[in-house]
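So the structure is just underneath, and the comments pick up after that.
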Amino acid sequence: EIFLCLAEFGVPMLKATWFIKITYAHQVATAESKMKKRVNIDPYPEWTFAIIKFLHDQLLKLSEQFIQSYMTQKSDIEIASKNWSYIIQLAEWMIEEELLDKHEFFNWMVELIDKFKSNKDDTLLKYILPLILRHLETILKSQILARLLASHCILKLNDLSSSTVLLKCGEESLSKIHPMMSAYKNCNQHSTIITILSGIIQAITLRCPASLIYSIVKEPGKEQVVGSPLDKLIVSPSALFNTDNLDDAEEKKFQEENLQTATDENTILLLCNWSTNKRRFGIHRPLIAATVIKLRNTYIIKKFNSEYNQTCETIYPIHKTLIKFLDEFSRDIDVSQVHFEDSFKSLVFLFCELIRYNVFSHDKFLCSMVSQAILKPEIISKVYGLDISKSKSEHGGDYRNPSLSDHDYDGSTSNFDLDADFMHSILNDNPVFEAAAPQLFNLSSTSELSTSKKTTSLSSAEANALYVLHFPIPNGEKHEINQRMVLLLGVGKMLHKEKLKVESIRKQLLDVLNGGNQEKKSELFGDFLTLSHFDQFSISTSISETVKKMKQAFPSKYGIISEFPSSQQLLLLFDLLEMAGNIQELLDFLGFFVARQENTYFSQQDGILLQHCEPSKLLIVIAIIHKYFKCILNSSELTATIFKGLLQRVENIAEPGVCSSTERCTLALLHKMYESCMHLQNRFENVFSTASSKISNAICSIIQPAHPNLVWDTSFLKDYFHL
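Residue 11 is where the sequence shown starts when you use this note's numbering, and the numbers rise one by one after that.
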C-alpha cells in the first residue's frame, strides 16, 4: 500500500525514502512497546524483499494484461507500467543510499531473465533488460552473478534459436553472424532483445572472464555448474551482434550496388546538415561527418579501380553532392552574421576537412567558377567588402574576446555605435564582433546594417563568392592559392594591398608572441577577426609552425632554463587557433607538444636524463584536451600519442594519492581516456591497468563523509546570534 501510494502521487525520491524510514521507525517503536523489549532488526533486507515482491507483482500484472490484452483496459497497463517505473527509480535511489541489499536485488534481476524466457514473455524482457544494462557494471563485480547472468542470457538465445517459428524478416545471411541471428536481424520485436543479450554476453567475456571458466564440480545437486556457460552458446561471443562503430556506421548508411546512388546523396546531405545545424551542439560534428564521408569516398574509389583495373586517385565521386549541399546552405546564410554564426563556422570546418581528405576538390570548384564567369567584380565587392574601383578606407578598432577574459588580456570595447536591436538579437551583448560586419561588408551606417540584417538569402553567385573567400585550403599548392587570390582580387594594387595587410597582422602577432608590445593584443585580435576564415587559418597555422620550431635553450653549466614555448605563448596560440576555428591544427599541435621532448635535457655533470614540464603549461594543455576530447577520440593515433605523452609527464603513478594538484589533474585525464578507449586498454594494459584502478579509488571516487553521532550544542556561538 505504501508503494502504491508513493507511485500514485509521484513523491520525490528523497521524500519517499524519508517516509519509508519514518514508517519503519514507527513500526519498530510500536513492536517494542508491545513486546516490552528492544527489537534489533536490520531493515535493509526487509525493504529489499518488499520492493522485490511489489515489482514482481507488477510484472505479473503486465504479463497477464499483454496475454489477455483484449480483456483488459489500456489504463490498467499504463498504471502497472507507471508503478514499475516509479518503484525502479526508488530502488535505484535506495541502492545509491545503501539502503537495500544489492546482491539480493541484483540476483532477483538476473533470475527474471530465466523466469520470463518463454516466447510469450518477450515483451516483459523489454522492461527487464534495460534495467540490467544500467547496473551491468556493478553486476560484473560479482563472478557468481556474472556467471548466472551469462547462463540465463545464453539459454534465452538458445530458446530463440530452437523456436519452431523463426521470424525471417531478412533472408540474406550475414557472413559473420549465425543464420539464427540473421533471421532476427530486421525483426522489430526481437532485434533489440537479441542485441542486448549479445552485448551482455560480450561484456561479461571482456570484463569478467573469470566467471566463464570451466568448472569441474561433481558434487550431487550441482550438475548445473559443471562446464562453462559458453559451452551452451551456439556461436562464439565475437560472432554475436556488436555495437556499431564508425566503420559499421559507414557500411550501414550506404548501399553498395552502385558507385553513386540516391541513398548516397540523401545520406551525405543528411550528414552535412547534421554537422552544420546551428540547433545542435558540438564542435566534433563536422569532424565526424567528414570522416564518415571520407570512408564512403574511399570505398567508391576502390570499387571503381577494381572494376576497371585502374589506379585513379583524382576522381571525386561525391563532389557534385557536396556542391548541391552548398547551394542549399546558401539559402539560410545571413550575411550580417557570416563571421560569427556557428553554422557557417561549422560549414567552413567541415569543408576544410573534406578538402584535407581529398573528398572535395577546391581546385575543381575554382575552375568551375572561372569557366562559368560567375564571380563578377560587383559580386566580389559586395561579399568581400571591397570596392574594386576605389580603395577601401582603413578601419581600426579595439576588440576584446570574452573567451580570453580568463587570460588577463587588456582592451576596451569598440567605439562603433550600433542600434540596440542589432546588439540584442545578433551580437547578444558580445563586444567582440561589434564592428566586424560593417567593416567586412562595407556598411557605413546603421540603416545599411539594418537592411543587411533583413537579407535572409544570397544569390548563387554571391554564395559561391562567399565560399571562395572563406574556405581554407589545407596543404594546398601555391598554384591553387594564387588562383584563389587572383579570382577574388585580380592582379593589381588590391591584391598587393591585401597581401600586405595579412602579412602585417601576422608579423605583429609574431612580435607579440615573442614578447613584444603586449598592449596591442586586443587590437590585433580585432584585426584578426575581420579577416576571412582563409586568412585566419593561414595565419594561425603559420604561427603554430613557428611555435613548433622553437627550441629549448640549454644552460651552459648552471642557471635558469628558458623553456619554450612559455605559458603565455601557449595561451596566445590556442586563442588564435580557437578564434580561427582551426581545430585540426590545434589537435595536431596538442599531439606534437605532448609527445615532444622539449623539456628533456642531459645534465652535464652526470649525464642523467631529466624530464620536466611547467605545471602551468601542463594545466593549459589538459584544459584544451578536455574541451576537445570528442574531437581527439576521432583519431586513435592521436589519442594514443597524447595518452603516452601525458603518461610520461607524471611521476607518482604508483601512488596517485600522493601527488601535486597538476599531477592529480593529469591522472584524472589519463583515467578518463583509458576508460573511454578500448584500443588504449589493449595497448597500455601492462603499463596502466593497475594504475587505473588506483586512480579510480584515490582520485575519481566520490568520498562520502561519515555521519558522526555528535550532540547539538545549542549554546555554541549563542552570544553572537541575537534571534
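Note that beta-carbon positions come from the ideal geometry of N, C-alpha and C, so glycine has one too.
Task: Simplified DSSP assignment, three categories, for G525 - done: Walking along the sequence shown from the start, residue 525 turns up at place 515. The answer is coil: DSSP assigns G525 none of H, G, I, E or B.
Open item on the list: Quick test of the definition: if touching needs 3 or more C-beta pairs under 8 Å, does the segment 87 to 95 touch the segment 106 to 123?
Closed with: Too few Cβ pairs lie closer than 8 Å, so no.
Open item on the list: For R674 and P666, what's the separation of their Cα atoms in angstroms?
Closed with: By one-based count along the sequence shown, residue 674 stands at place 664. By one-based count along the sequence shown, residue 666 stands at place 656. Straight-line Cα distance between these residues: approximately 7 Å.
Task: Exposure of Q594, with buried meaning 16 or more beta-carbon neighbours within 10 Å - done: Numbered from its first residue, the sequence shown carries residue 594 at position 584. Buried.
- [ ] Give the range of the alpha helix (DSSP H) segment to which H372 is assigned.
- [x] Numbered from 1 along the sequence shown, position 362 holds the residue referred to as residue 372. That run of the alpha helix (DSSP H) goes 372 to 382.
TODO: Within the same chain, show all residues whose beta-carbon is closer than 6 Å to that of F481, passing over the 5 residues directly before and after it, in chain order.
DONE: Counting from one through the sequence shown, the residue named residue 481 turns up at place 471. So the qualifying residues of the chain are F361.
- [ ] Specify the secondary structure class of S225 as computed by DSSP and reduced to three states.
- [x] Translated into positions along the sequence shown, residue 225 becomes position 215. In this structure, S225 counts as strand in the three-state DSSP scheme.
TODO: Would you kindly work out how many angstroms separate the C-alpha atoms of P393 and E472, rounded to a whole number?
DONE: Within the sequence shown, the letter at position 383 stands for residue 393. Within the sequence shown, the letter at position 462 stands for residue 472. Correcting the residue type first, residue 393 is Val in the shown sequence and not Pro. So the alpha carbons of these two residues sit roughly 7 Å apart.
Task: I328 vs V369 beta-carbon contact at 7 Å - done: The count along the sequence shown starts at 1 and reaches residue 328 at position 318. The count along the sequence shown starts at 1 and reaches residue 369 at position 359. Result yes, Cβ atoms of I328 and V369 sit closer than 7 Å.
- [ ] Return the chain-ordered list of same chain residues with a C-beta closer than 8 Å to the C-beta of N527, the five sequence neighbours on each side being excluded.
- [x] One-based indexing of the sequence shown puts residue 527 at position 517. So the qualifying residues of the chain are D521.
- [ ] Starting from G237, follow its DSSP beta bridges and name the residues at the other end.
- [x] Residue numbering aside, residue 237 sits at position 227 when the sequence shown is read from its first letter. In the DSSP output, where bridge partners are listed per residue, G237 has S225.
TODO: Determine the direct distance from the alpha carbon of Q68 to that of T133, and round the result to whole angstroms.
DONE: Stepping through the sequence shown from its first residue, residue 133 is reached at position 123. Stepping through the sequence shown from its first residue, residue 68 is reached at position 58. One C-alpha to the other measures close to 14 Å.
Open item on the list: Taking the alpha helix (DSSP H) that P625 belongs to, which residues open and close that run?
Closed with: One-based indexing of the sequence shown puts residue 625 at position 615. That run of the alpha helix (DSSP H) goes 625 to 637.
TODO: Tell me whether C163 is buried or exposed, calling it buried when 16 or more other Cβ atoms sit within 10 Å of its Cβ.
DONE: Indexing the sequence shown from 1 puts residue 163 at position 153. Classification of C163: buried, given that the 10 Å Cβ count is 16 or more.
Task: Reference I123, options L657, L158, L297, closest by Cα - done: If you number the sequence shown from 1, residue 123 lands on position 113. Nearest option by C-alpha distance: L158.
Task: 6 Å CB neighbourhood of S353 in its chain, flanking five on each side removed - done: Residue mapping note: residue 353 aligns to position 343 of the sequence shown, counting from 1. Taken in chain order, the residues that qualify are T286, K288.
Open item on the list: Looking at the secondary structure, which residues open and close the alpha helix (DSSP H) in which G536 lies?
Closed with: Position 526 of the sequence shown, counted from the first residue, corresponds to residue 536. Per DSSP, G536 belongs to the alpha helix (DSSP H) from 531 to 540.
- [ ] Just the C-alpha distance for I138 and S356, rounded to the nearest angstrom, thanks.
- [x] Residue 138 sits at position 128 when you count from the first residue of the sequence shown. Residue 356 sits at position 346 when you count from the first residue of the sequence shown. If you draw a straight line from the Cα of I138 to the Cα of S356, it is about 41 Å long.
- [ ] Determine the burial state of Y730: buried for a count of at least 16 other Cβ atoms within 10 Å of its Cβ, exposed for fewer.
- [x] Here residue 730 corresponds to residue number 720 of the sequence shown, with the count starting at 1. Answer is exposed; the Cβ neighbour count stays below 16.
TODO: With DSSP as the reference, label Q99 as helix, strand or coil.
DONE: Here residue 99 refers to the residue found at position 89 of the sequence shown. Residue state, collapsed to three classes: helix.
Open item on the list: Excluding the 5 residues flanking Q546 on each side, which residues of the same chain have their C-beta closer than 6 Å to its C-beta?
Closed with: As a first step, residue 546 must be located in the sequence shown, where it is residue number 536. Only A590 meet the Cβ criterion.
Task: Backbone CA spacing between H543 and T676 [nearest angstrom] - done: By one-based count along the sequence shown, residue 543 stands at place 533. By one-based count along the sequence shown, residue 676 stands at place 666. Our two residues, H543 and T676, have alpha carbons roughly 33 Å apart in a direct line.
TODO: May I have the straight-line CA-CA distance separating I491 from K511, to the nearest angstrom?
DONE: In the sequence shown, the residue the question calls residue 491 occupies position 481. In the sequence shown, the residue the question calls residue 511 occupies position 501. Here the C-alpha atom of I491 lies approximately 17 Å from the C-alpha atom of K511.
TODO: Could you tell me the boundaries of the alpha helix (DSSP H) in which K355 lies?
DONE: For the purposes of this step, residue 355 is taken as the residue at position 345 of the sequence shown. First-last of the alpha helix (DSSP H) with K355: 352 to 366.
Task: Where Y80 falls, given that 16 or more other Cβ within 10 Å makes a residue buried - done: The sequence position of residue 80 within the sequence shown is 70, counting from 1. Residue confidence for Y80 is low, a pLDDT of 48 falling below 50, so the modelled location carries little weight and cannot support an answer.
TODO: Could you tell me the distance, in whole angstroms, from the CA atom of H636 to the CA atom of I515?
DONE: To locate residue 636, count along the sequence shown from 1; it is residue 626. To locate residue 515, count along the sequence shown from 1; it is residue 505. Computed Cα separation, rounded: 30 Å.
Open item on the list: Looking at the secondary structure, which residues open and close the alpha helix (DSSP H) in which C15 lies?
Closed with: Your numbering for residue 15 matches position 5 in the sequence shown. DSSP places C15 in the uninterrupted alpha helix (DSSP H) bounded by 12 to 19.
- [ ] Could you check how far apart the C-beta atoms of Q212 and P239 are, in whole angstroms? I think they sit under 8 Å.
- [x] Stepping through the sequence shown from its first residue, residue 212 is reached at position 202. Stepping through the sequence shown from its first residue, residue 239 is reached at position 229. That pair is no contact at about 13 Å.
Open item on the list: With H, G and I counted as helix, E and B as strand and the rest as coil, what does DSSP make of L396?
Closed with: In the sequence shown, residue 396 corresponds to position 386, counting from 1. Low confidence applies to L396: its pLDDT is 36, below 50, so where it sits in the model is not reliable enough to give any reading.
Open item on the list: Rounding to the nearest angstrom, what Cα-Cα distance links I390 and L539 in this structure?
Closed with: Along the sequence shown, one-based indexing puts residue 390 at 380. Along the sequence shown, one-based indexing puts residue 539 at 529. Rounded to the nearest whole angstrom, the CA to CA distance from I390 to L539 is 19 Å.
TODO: Determine the extent of the alpha helix (DSSP H) in which S208 is found, giving its start and end residues.
DONE: Within the sequence shown, the letter at position 198 stands for residue 208. Its alpha helix (DSSP H) spans residues 201 to 217.
- [ ] Would you mind sorting T148 into buried or exposed? The rule is 16 or more other CB atoms within 10 Å of its CB.
- [x] As a working mapping, residue 148 is identified with position 138 in the sequence shown. Exposed is the call here.
Task: A605 and T651 closer than 7 Å at C-beta - done: Numbered from its first residue, the sequence shown carries residue 605 at position 595. Numbered from its first residue, the sequence shown carries residue 651 at position 641. Yes, Cβ-Cβ distance for A605 and T651 is below 7 Å.
Task: Rounded C-alpha distance that separates L364 from S371 - done: Walking along the sequence shown from the start, residue 364 turns up at place 354. Walking along the sequence shown from the start, residue 371 turns up at place 361. Between L364 and S371, the C-alpha separation is close to 8 Å.
Task: First through last residue of the alpha helix (DSSP H) which encompasses N696 - done: To locate residue 696, count along the sequence shown from 1; it is residue 686. Counting along the chain, the alpha helix (DSSP H) containing N696 begins and ends at 695 to 708.
Task: Residues near L476 in its chain [Cβ-Cβ closer than 6 Å; skip 5 each side] - done: Position 466 of the sequence shown holds residue 476. Once the five neighbours on either side are set aside, the close Cβ partners of L476 are V393.
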